[in-house]
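For reference, the structure is listed below as structure tokens.
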Amino acid sequence: MNKGSVFIISGPSGSGKDTLLVKLFEKCPEIKFSISSVTRNMREGEKEGEKYNFISREKFESMIKNDELLEYNLYVDNYYGTPREPVERAVAENKDVFIEVDVNGAESIRKKLPEAISIFIMPPSFEELKRRLSSRGTETEEIITLRMAAALDEIKRAVEYDYIVVNDDLSTAVEDIISIIRGSKFSIKKQKNLIDEVLLNVKS
Ligand code: 5GP
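Residue numbers (the numbering used here): 1023 to 1226.
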């Protein structure tokens, strides 16, 4: 049976992964996206329930207590977390689901779901990442500096991922991700059961 796959996607702030994901979902509307819960303020242009559910710290802490999160992390002073139920539902319905998390979130999900396929979105250069972060105009200098430090730490951990996609040209990067989705169906992570089934049918 072709069970749905969990894809973990990470990339530093300014890697352009949000635009990339929007384009990917336009091309592949059958893919589910895991909407995160977050305690940071909504940025201009963001909408409740699109990429994030914006909730209070108290509500977030009660979700932690009730084990409603697959993973969570404190990032630049705010909580970000992946609600467990929508991911479990998507997989049960044989749908592919994308979870966007930082490197720590990716590490936690890999421990719980070792078959998950992880993709790191790399900016073409650190200079370009700096330029993208500053030109966004939605954050203070202080936050930009913190995000740049976080970006450097994240890039150092790109080696933990199954795939790296360089987001230089947007359409090429989207096609690269689609190739990974297709290719991953044949990976050993997804085909372990097939080997067992074939071996089971060998007449001794
Ligand atoms: P931003 O504030 O720029 O939207 O996101 C900051 C960081 O939090 C990014 O690296 C993003 O991938 C990550 N992030 C978004 N949602 C989640 C989540 O549910 N869990 C974790 N651990 N990180 C998340």
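Every residue gets a Cβ at the ideal spot worked out from N, C-alpha and C, and that includes glycine.
Every value quoted in this text rests on a predicted model; they were computed, and no experiment measured them.
| task | Quick one: grab the DSSP three-state call for M1170. | result | Position 148 of the sequence shown, counted from the first residue, corresponds to residue 1170. Residue state, collapsed to three classes: helix.
| task | Mark N1238 as exposed unless 16 or more other C-beta atoms lie within 10 angstroms of its C-beta, in which case mark it buried. | result | Since the displayed the chain opens at 1023 and closes at 1226, residue 1238 lies outside it and no answer follows.
| query | Assuming S1037 and I1139 make a contact with CB atoms under 8 Å, what is their CB distance in whole Å? | reply | For the purposes of this step, residue 1037 is taken as the residue at position 15 of the sequence shown. For the purposes of this step, residue 1139 is taken as the residue at position 117 of the sequence shown. In fact, because the Cβ distance is near 18 Å, the residues do not count as touching under 8 Å.
| Since S1059 and G1127 are thought to touch, with beta carbons under 8 Å apart, how far apart are those beta carbons, to the nearest angstrom? | Here residue 1059 refers to the residue found at position 37 when the sequence shown is read from its first residue. Here residue 1127 refers to the residue found at position 105 when the sequence shown is read from its first residue. 12 Å between Cβ atoms; not a contact.
| request: Can you tell me the Cβ-Cβ gap for I1121 and I1030, rounded? I've got them flagged as a contact below 8 Å. | output: Here residue 1121 refers to the residue found at position 99 of the sequence shown. Here residue 1030 refers to the residue found at position 8 of the sequence shown. I1121 to I1030, Cβ: 5 Å. Contact.
| said: Check this for me: beta carbons of L1096 and R1106, under 8 Å apart or not? | reply: As a working note, residue 1096 is residue 74 in the sequence shown. As a working note, residue 1106 is residue 84 in the sequence shown. For L1096 and R1106, no; Cβs fall outside 8 Å.
| Is G1071 near ligand 1, in the sense that its beta carbon is under 7 Å from a heavy atom of that ligand? | One-based indexing of the sequence shown puts residue 1071 at position 49. No.
| field | Within 8 Å, strictly: CB atoms of I1217 and V1187 | value | As a first step, residue 1217 is located in the sequence shown; it is residue number 195 there, counting from the start. As a first step, residue 1187 is located in the sequence shown; it is residue number 165 there, counting from the start. No, the pair does not count as a contact, with Cβ atoms beyond the cut-off.
| query | Tell me the DSSP bridge mates of V1119? | reply | Along the sequence shown, read from residue 1 onward, the residue named residue 1119 stands at position 97. According to DSSP, V1119 bridges with V1028 and K1054.
| request: Could you please give the first and the last residue of the uninterrupted alpha helix (DSSP H) stretch that includes G1205? | output: As a first step, residue 1205 is located in the sequence shown; it is residue number 183 there, counting from the start. L1192 to S1206 is the span of the alpha helix (DSSP H), which, as asked, contains G1205.
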